[in-house]
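Undergrad:
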Amino acid sequence: MAAACGDSGNTTPDGGNPKEAGPIAPDGFGPLRDCTEVGKPCAAHTTCAINATCGNDLKCHPASYQNCDDGLDCTTDTCLGQGKCENTPKDGTCALPVDDGNGKSILKCFAKGDNSPERSCAVCDPDRDKLAWSSANGGPCDDGNACTKDDYCDNGTCKGTDYRAQCDDNISCTDDVCDGKGGCVGNQLRSDSCLIQGTCYKDGEQDATGCNVCDTSKSQNQWTALGSFCLIAAKCYKPGDKSPSGCGVCDPTKNDKDWTALPNVCEIDGVCYQPNDVNTAEGGCGTCDPAVDGRNWTIKGNDCYIGKKCYKPSDKDPTGCAECKPATSKTAWTAIAGCWAIVVAALNEARDGNLGGVAAADTLCQQQATAAGRPGQWKAFLGSSTRTVKSLITGTDATTRKVVTTQGLEMFPNWNAAFATTSTSTTWPTSALVYTFSGRVIEEDEPQPACPTTASGLGSEPTCFYDADFWHGMNQDGTTSTNTCNNWTSNASTVTGSSGEGDFQQMFNNESNSCDETQAVLCVQVGP
């Protein structure tokens, strides 16, 4: 390594190596050469001499001596003359540049195989270059990316295997953090976002109703109310807004999720009534009495009000096994002791194959039956891996009790008659239409009231009945088939469920439908 050298003076020369002192000369710096012309430049005795001139003693005297010591123990330092030096790294070493911590480059000694403190894939390789970092191949390194692992040197570049996909939660408002070792630290929600029910919202973004806002200073996982509002049927109303009927008002201090009835009026089924108004169209047994209940008819005397109809004491329901008994209930049929029929009804909404399981479907049948004022125990007409449809009713009840609709029309003389012992499906009379608990017929092409927009209970969102198919998951003999929409937990298009044909009054027609379709779900009264 040759370099220009400065004049530092007083370095003992020995014919080229300023670190080794030669014999003492009369001037104290070594043996001087003879010269002939006083005051003229002359050839000095060492290449480390600077500005040598001939003295009066006819000896060649340097004005000073070149200092070629670079301060590195790993180099051999040599004067080249003309103010130049050579500093050559010794065998097995390198003199290589590094940052001094202040942004300047300095040389330091490194042994063969040493890595750069600044670049893990730069190495001292004297066989390739003693004065410049060599590119490393193989060996571990750190590429500075926490989402790579197994980092290694490849011709001077640190490379690793990217595994960030393993830490990606596919949520746009979270930072997917890797630990640099092939693992994940977590998915931190960003400070400028909310994550509400699996959806990302920016700070300040409002929900569809306009009642709520993402306010990260208050909550990042739920909506923050924008002041005082009412959220009714997925719509936002300001305090004082009136209901469509005109007799309800938004009063968040009393109820921020429903209309608050105005004083001295009733709002029943979306219609506004004045005090003492009577439900004449339904039989006249109910009056508007805001002091008692501003949202429902107040039943007069000993009448019953069931399924939006009025009944007198001892009036029987169409099945003949339940009666109006006001002392027990004014809003539900009371079972007649020792008398019960196997009643078949349908849920109020069509459902896809995901009912939350057969137990959840049973619960939904019981809830809707009770809400409709129907007595008894109810289960879903569905087969699964845990039960067969036929086993819902057993013993003498299965052979002696009629199967009827909610209108009291006979479908089968007994439960066992509903199931075939041959490949032919059983049928029931065309006059025995199956109704929902709310009174809608599921016969195909029958006129239907407007479809509801929301549903209570489990399963999919309700739709209108587009035909009279109904899920059952059974074979013609009442045993469970292989097609049950994964035990009524799947609405995938690739999964199937067995069903019957209500429009042909067929319990079994060897038909299976995709579980993403919506069909009726039948419910059965299985006990008093």
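Just so we're on the same page, the working numbering is the position in the sequence shown counted from 1, plus 4.
Built from N, CA and C at the ideal position, the CB exists for glycine as well.
#1: Beta-carbon within less than 7 Å of D173's beta-carbon, same chain only, minus the 5 sequence neighbours each way: which residues are those?
#2: In terms of alpha-carbon separation, which member of V348, A349 and I310 lies closest to K334?
#3: Could you pull the start and end residues of the alpha helix (DSSP H) that N491 belongs to?
#4: Is T483 buried or exposed, if buried means 16 or more other CB atoms sit within 10 Å of its CB?
#5: Which runs of the beta strand (DSSP E) spanning at least 3 residues fall entirely within the stretch 302 to 331, listed in chain order?
#6: Counting along the chain, where does the alpha helix (DSSP H) carrying Q510 start and finish?
#7: Can you list, in chain order, the residues of its chain with a C-beta nearer than 7 Å to that of T51? Leave out the 5 residues immediately preceding and following it.
#8: Can you grab the Cα-Cα spacing for the pair N4 / N514, in whole Å?
#9: Please state whether DSSP places S464 in a helix, a strand or coil.
#10: For I54 versus P66, is the C-beta distance shorter than 7 Å?
#11: Based on DSSP bridge pairs, tell me the residues matched to R355.
#12: Among S395, C325 and K406, which one has its Cα closest to the Cα of F385?
#13: With T404 as the anchor, note down where its alpha helix (DSSP H) starts and where it stops.
#14: If you run the structure through DSSP and keep just helix, strand and coil, what is Q224?
#15: Using three-state DSSP, classify Q529 as helix, strand or coil.
#16: Can you give me the start and stop residues for the beta strand (DSSP E) that V189 sits inside?
#17: Compare the Cα-Cα distances from D146 to each of K134, R168 and T161 and report the closest residue.
#18: How big is the Cα-Cα spacing for G461 and L368?
#19: Report buried or exposed for S494, applying the criterion of at least 16 other Cβ atoms within 10 angstroms of its Cβ.
#20: Just checking, does the stretch 344 to 352 make contact with the stretch 304 to 318 on the three C-beta pairs under 8 Å criterion?
#21: By Cβ distance, which residues of its chain are closer than 7 Å to A422, with the 5 residues on each side in sequence left out?
#22: Alpha carbon to alpha carbon, how far is G105 from L76?
#23: Helix, strand or coil: which one does DSSP assign to N159?
#24: Between the C-alpha atoms of P322 and S497, what's the straight-line distance to the nearest angstrom?
TA: On the basis of the coordinates in this document:
#1: D180 and N191
#2: I310
#3: C489 to W492
#4: exposed
#5: 308 to 310, 313 to 315 and 326 to 329
#6: That residue, Q510, is in no alpha helix (DSSP H); its beta strand (DSSP E) goes Q510 to S518.
#7: G20, C83, L84 and G85
#8: Beyond the ends of the chain as shown, which are 5 and 532, falls residue 4; an answer cannot be given.
#9: Reliability fails at S464, whose pLDDT of 34 lies under 50, so the model's placement of it is uncertain and the value that follows must be treated cautiously. Reduced to three states, the DSSP call for S464 is coil.
#10: yes
#11: Q523
#12: S395
#13: G399 to T404
#14: coil
#15: strand
#16: C188 to L193
#17: T161
#18: With a pLDDT of only 30 at G461, under 50, the local geometry of the prediction cannot be trusted, and the value read off the model is given with reservation. Using only the alpha carbons, I get a separation of about 6 Å.
#19: buried
#20: no
#21: V407, F416, T430 and M511
#22: 19 Å
#23: coil
#24: 40 Å
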